[in-house]
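Undergrad: In this note's numbering, the protein residues as written are 48 to 420.
There's a structure below that I have some questions on.
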Ligand code: ADP
Ligand code: MG
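As structure tokens, this is what we get:
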């Protein structure tokens, strides 16, 4: 359905897409993953000519879309695009958002367009909102309207550019649910996403983009379980494991929390699990650094190059471990004070399946295995 050969795109001096060759067949669901800034959005935007490629060829249904003789509007109609920020017409109702294109571009009657719009709103669970304005909707609802609007043009393929990245975590699943349903119905889709679990179970193929090329591609199983190339492995691994370095006790707690949140979102952790991880890390760091030995411990941190907080996540075994590691002169990660009532530790024990502490390679390492429910 789509064939791309040696596609390149430069912005001035910056070479973003270097040499992209791939094919998307009818009915395929392709997830595009990779570090930010590697050209994933640019790739999608070249496919529907929101960006003019600098070189290479793109065929859609046998038509060479870079050929000046090709009718670009016809090509664009075959391709829907869903953006991170919804891009709804804010001054139009949901119904008008869905009927504008079909009436103006597909020359449908208003009646026909509204009938189809209602069917689509029903399909995305928003029939009751047909008369609402976008600002009255939640982010998840807006994105579902954007998907319905895209479907109203009867596209043959839909390109999604991080459709859930701008959403509150509580709303991610309602949008993914709609996309999942489209996949089951056989819609051809290319989805740029950070939702790895989703990519894994919805896709027929994964493209890992890195440094302006499709660095590795394969089935979800090949890419997530047996990546062939080192950089693919590093990317997959880094998504699953989190590491934060604490220099001393004046570290930026909020910056760390933001990183933890980002990691949990990337891995599609439920809200409750994310909250529990944050709570455990906060409590342990309190017990570790905020006690009568605080000054002494801070000196150790400064002399021994700080401490590490890690989250190790194995999707396969559905296991999450939180690990703290510091110089062995700490003796214990959590320093036990005289007047400690043990409440913090009780909270932590309630959230964990096991807690182990050991000394290896001159480091004291505390591992807490999270309860998964
Ligand atoms: P990704 O979606 O993988 O994060 P993008 O395709 O958005 O990556 O961007 C890749 C690179 O191209 C980035 O360095 C970005 O700053 C640059 N870039 C994207 N669009 C433009 C543009 N219109 N003008 C100049 N540079 C751009
Ligand atoms: Mg992008």
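Even for Gly, the Cβ is constructed at its ideal location relative to N, Cα and C.
Can you tell me whether residue 72 is buried or exposed, with buried defined as 16 or more other CB within 10 angstroms of its CB?
TA: Taking the chain shown and counting its residues from 1, one reaches residue 72 at position 25. Answer is exposed; the Cβ neighbour count stays below 16.
Undergrad: Check for me: the alpha helix (DSSP H) holding residue 296 runs from which residue to which?
TA: As a first step, residue 296 is located in the chain shown; it is residue number 249 there, counting from the start. Residue 296 -> no alpha helix (DSSP H), and no H or E assigned at all.
Undergrad: Going by DSSP in three states, residue 144 sits in which element: helix, strand or coil?
TA: Locating residue 144 in the chain shown gives position 97, counting from the first residue. In the structure shown, residue 144 sits in a helix (DSSP, three-state: H, G or I).
Undergrad: Closer than 8 angstroms is the cut-off here; do at least three beta carbon pairs connect the region 117-128 with the region 295-308?
TA: With the cut-off at 8 angstroms, the region 117-128 and the region 295-308 do not touch.
Undergrad: Measure the Cβ-Cβ separation of residue 190 and residue 236 and say whether it is below 9 angstroms.
TA: Counted from its first residue, the chain shown places residue 190 at position 143. Counted from its first residue, the chain shown places residue 236 at position 189. No; because the gap between Cβ atoms is not below 9 angstroms, this pair is not in contact.
Undergrad: Measuring from each Cβ to the nearest heavy atom of ligand 1, keep the ones under 5 angstroms and list them in chain order.
TA: Selection output, chain order preserved: 58, 63, 83, 84, 85, 86, 87, 88, 89.
Undergrad: Would you check whether ligand 2 has a heavy atom nearer than 8 angstroms to the C-beta of residue 52?
TA: The residue given as residue 52 occupies position 5 in the chain shown. The answer is no for residue 52.
Undergrad: Taking the alpha carbon of residue 248 as the reference point, which residue from 257, 226, 140 has its own alpha carbon closest?
TA: The residue labelled residue 248 in the question sits at position 201 within the chain shown. Nearest of 257, 226, 140 to residue 248, Cα basis: 226.
Undergrad: Rounded to the nearest angstrom, what separates residue 36 and residue 84 at their Cα positions?
TA: A query on residue 36 cannot be resolved here, the shown segment of the chain reaching from 48 to 420 and no further.
Undergrad: Look at the Cβ atom of residue 56, then the Cβ atom of residue 81, and state whether they are nearer than 9 angstroms.
TA: Position 9 of the chain shown, counted from the first residue, corresponds to residue 56. Position 34 of the chain shown, counted from the first residue, corresponds to residue 81. It is not a contact, given that the beta carbons lie outside the stated cut-off.
Undergrad: Near residue 119, which residues of its chain fall below 8 angstroms by C-beta distance, leaving aside the five closest residues on each side in sequence?
TA: On the chain shown, position 72 is the one that residue 119 refers to. Here the set comprises 96, 112.
Undergrad: For ligand 2, is there a heavy atom less than 8 angstroms away from the beta-carbon of residue 306?
TA: In the chain shown, the residue the question calls residue 306 occupies position 259. Residue 306 Cβ: outside cutoff for every heavy atom of ligand 2.
Undergrad: Under a three-way DSSP split, which group does residue 417 fall into?
TA: The residue labelled residue 417 in the question sits at position 370 within the chain shown. If DSSP states are grouped into helix, strand and coil, residue 417 belongs with the strands.
Undergrad: Is the CB-CB distance between residue 313 and residue 286 below 9 angstroms?
TA: Residue 313 sits at position 266 when you count from the first residue of the chain shown. Residue 286 sits at position 239 when you count from the first residue of the chain shown. Contact flag set, yes.
Undergrad: So does the region 275-283 actually touch the region 203-222, counting three or more Cβ pairs closer than 8 angstroms?
TA: Flag = no, the region 275-283 and the region 203-222 do not touch.
Undergrad: If you draw a straight line from the C-alpha of residue 410 to the C-alpha of residue 241, how long is it?
TA: For the purposes of this step, residue 410 is taken as the residue at position 363 of the chain shown. For the purposes of this step, residue 241 is taken as the residue at position 194 of the chain shown. The alpha-carbon atoms of residue 410 and residue 241 are separated by roughly 34 angstroms.
Undergrad: Label residue 302 either buried or exposed according to how many other C-beta atoms from any shown protein chain fall within 10 Å of its C-beta, with 16 as the threshold for buried.
TA: Reading the chain shown from its first residue, position 255 is the one you call residue 302. Per the 10 Å Cβ criterion, exposed.
Undergrad: How big is the Cα-Cα spacing for residue 105 and residue 116?
TA: Working through the chain shown from its first residue, we reach residue 105 at position 58. Working through the chain shown from its first residue, we reach residue 116 at position 69. Distance between the alpha carbons of residue 105 and residue 116 is about 14 angstroms.
Undergrad: Please determine whether the Cβ atom of residue 67 lies at a distance below 8 angstroms from any heavy atom of ligand 2.
TA: Residue 67 sits at position 20 when you count from the first residue of the chain shown. No - ligand 2 has no heavy atom lying nearer than 8 angstroms to the Cβ of residue 67.
Undergrad: If contacts are defined as beta-carbon pairs under 8 angstroms, then residue 377 and residue 414 qualify, I think. What distance do you get, rounded to the angstrom?
TA: Locating residue 377 in the chain shown gives position 330, counting from the first residue. Locating residue 414 in the chain shown gives position 367, counting from the first residue. In fact, because the Cβ distance is near 15 angstroms, the residues do not count as touching under 8 angstroms.
Undergrad: When you compare each of 90, 69, 78, 75 to residue 63 by their alpha carbons, which one comes out closest?
TA: As a position in the chain shown, residue 63 is number 16, starting the count at 1. Taking only the C-alpha atoms, the option nearest residue 63 is 90.
Undergrad: Skipping 5 residues on each side, what residues in its chain have a beta carbon closer than 6 angstroms to that of residue 198?
TA: The sequence position of residue 198 within the chain shown is 151, counting from 1. Cβ neighbours of residue 198 beyond the five flanking positions: 167.
Undergrad: Below 8 angstroms, is the gap between the Cβ of residue 208 and the nearest heavy atom of ligand 2?
TA: If you number the chain shown from 1, residue 208 lands on position 161. For ligand 2, at least one heavy atom lies less than 8 angstroms from the Cβ of residue 208.
Undergrad: For residue 389, is the classification buried or exposed, using 16 other Cβ atoms within 10 angstroms of its Cβ as the cut-off for buried?
TA: Taking the chain shown and counting its residues from 1, the one referred to as residue 389 is at position 342. That one is exposed.
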